[in-house]
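Asker: Read in order, the letters of the sequence shown correspond to residues 1 to 450 in this note's numbering. We put the CB at the ideal spot given by N, CA and C, even for glycine. Take this structure, written in structure tokens, and hold onto it; I'll ask about it next.
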Amino acid sequence: AHLDRIATVDPAVHAFLHVGAESALAAAQRTDDAIAAGAPASPLAGVPLALKDVFATSDMPTTCGSKILEGWQPPYDATVTERLRAAGITILGKTNMDEFAMGSSTEHSAYGVTRNPWDTTRVPGGSGGGSAAALAAYEAPLAIGTDTGGSIRQPAAFTGTVGVKPTYGGVSRYGLVACASSLDQGGPCARTVLDAALLHEVIGGHDPRDSTSIDAPVPGVVAAARQGAQGDLSGLKVGVVRELGGEGYQPGVRASYDASLRRLEKLGAELVEVSCPNFEYGMAAYYLILPSEVSSNLARFDAMRYGLRAAEGRSAEEVMANTREQGFGPEVKRRIMLGTYALSSGYYDAYYGQAQKVRTLISRDFDAAFAQADVLVSPTTPTVPFPIGDKVDDPLAMYLNDLATIPTNLAGVAGMSVPSGLSEGLPTGLQIMAPALGEAVMYRVGAAFE
Ligand code: GLN
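This is the structure we're talking about:
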């Protein structure tokens, strides 16, 4: 049924870069057979899923939305891919994304834009616009995204879906093509908080193949979501972040945020105002740290090991240069140059070093805020989904989308976006943030709220 739905609506939405119809049907059959043979069925056995095209899949291409990886099929599965398969989940295909997860609209994909199912003249957000649009268009009930600065939560807000950025180290990065390794985190996307929780428990947990993976049990998010669904948040303190949600946010977004705060109060939560003064510098620090890591991580695309190799060039160096010239899009090149500059000798301390200090200050802001509240909230995004083409040539305007989501990545704490009603007929999202490994309370609040 989902493959039929994809065939019907994806020509207009373009959520998928690759649909693996045959492998999906074969996987579903294997799950059926295993259950018929008496194997215990996991709660998501047989449920179809859309996978962001940044996770290695041994049976489908993995392009990261880039020309440089066109046609590349990894020889192995990412840990996330492996865990999905082990749970009997059917992977329908790979979803569109901004090239190497850099962007907030999916317009930086080398394979064309994804359209927002709510209004196909608008963007679905990014970088995981494909995964979010697939959910909103009912092409898949579950999806996986990655969030480096907001790429799960912002598309969730723009499509009226649920998106979770787990605690850094909570979901394995093995086989996840790196954007910025100290910020990247895979996570679940769904249409309900409980669905996201079920998926979170499948993909989460320690992985010895990822040196930054946390060696701790997955937080009990399914039980927490079920508890939250009973609609009682009494005894919980919700911190309203003073620096997020005021100036710079569209009036309609602010109105829906105000209504969300009233709803949380009605559910019994106590609202407390908290201040995180260093969040103001989050964007500036992020756009030094991220490009620095990008410039190093993307050095591996050298025309020798993966994907594209330019035909022209008299030396290995020329072939490399030509390949990177032809294979990378403008946003990726911009960030490689920014990062190379920030890391160059003489500038390193002034840029990268300073940004790391700001990162510490932001973590301390979170510590202080979480001492006063169980979770923190803000609008997920400053605006509703914007028209395709509006910001693609204005990097700063594009970067501002992630104003509210970036601090959690810098600090490694958890965050989620849940739908918070419409403004001008378009979706808005409420962001809920929790301390590292504090996902349970976040899911409880999300499930009560939705
Ligand atoms: N939009 C942000 C960026 O362009 C976040 C991307 C992400 O989370 N992968 O860097």
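I'd like the span of the beta strand (DSSP E) that includes K52, first residue to last.
Answerer: Annotation: the continuous beta strand (DSSP E) that includes K52 extends over P48 to K52.
Asker: When every heavy atom of the ligand GLN is checked, does at least one fall within less than 7 angstroms of the C-beta of A101?
Answerer: yes
Asker: What is the rounded straight-line gap between the Cα of A414 and the Cα of L308?
Answerer: C-alpha separation (whole angstroms): 36 angstroms.
Asker: Would you say the beta carbon of S182 is closer than 7 angstroms to some non-hydrogen atom of the ligand GLN?
Answerer: For the ligand GLN, not one heavy atom lies less than 7 angstroms from the Cβ of S182.
Asker: Would you list, in sequence order, the uninterrupted beta strand (DSSP E) runs of no fewer than 3 residues that lie entirely inside the stretch 257–284?
Answerer: Those beta strand (DSSP E) runs which fall completely within the stretch 257–284 and span 3+ residues are 270–274.
Asker: Answer yes if the stretch 164–174 comes into contact with the stretch 90–104, meaning at least three C-beta pairs across the two stretches below 8 angstroms, and no otherwise.
Answerer: no
Asker: Are the CB atoms of A269 and L233 nearer to each other than 8 angstroms?
Answerer: yes
Asker: So for S417, helix, strand or coil by DSSP?
Answerer: strand
Asker: List the DSSP bridge partners of R122.
Answerer: R122 has P387 as its beta-bridge partners, per DSSP.
Asker: Does the Cβ-Cβ distance between A156 and S417 come in under 8 angstroms?
Answerer: yes
Asker: Using the C-alpha atoms, what's the distance from A45 back to L51?
Answerer: 16 angstroms
Asker: Quick check: is any heavy atom of the ligand GLN less than 7 angstroms from the C-beta of S378?
Answerer: no
Asker: Tell me the rounded alpha-carbon separation between L361 and G20.
Answerer: 45 angstroms
Asker: Hey, how far is the Cα of I289 from the Cα of S105?
Answerer: Each residue's Cα considered, the two are about 21 angstroms apart.
Asker: Can you check whether the CB of T383 is closer than 8 angstroms to the CB of V253?
Answerer: yes
Asker: Look at the alpha carbon of D468 and the alpha carbon of G446, and state the distance between them as a whole number of angstroms.
Answerer: For residue 468 there is no data in the structure shown, the boundaries of the chain being 1 and 450.
Asker: Which two residues bound the contiguous beta strand (DSSP E) that contains I91?
Answerer: T90 to T95
Asker: Does the distance between the C-beta of G429 and the nearest non-hydrogen atom of the ligand SAM fall short of 7 angstroms?
Answerer: Summarising the ligand content, the structure contains the ligand GLN and does not contain the ligand SAM.
Asker: Identify the continuous beta strand (DSSP E) that holds T146 and give its terminal residues.
Answerer: L142 to T146
Asker: Helix, strand or coil: which one does DSSP assign to G425?
Answerer: coil
Asker: Under the three-state reduction of DSSP, which class applies to M433: helix, strand or coil?
Answerer: strand
Asker: On the three-state DSSP scale, how would you describe L490?
Answerer: Since the displayed the chain opens at 1 and closes at 450, residue 490 lies outside it and no answer follows.
Asker: Measuring alpha carbon to alpha carbon, tell me which residue in V272, L400 and I152 is nearest G130.
Answerer: I152
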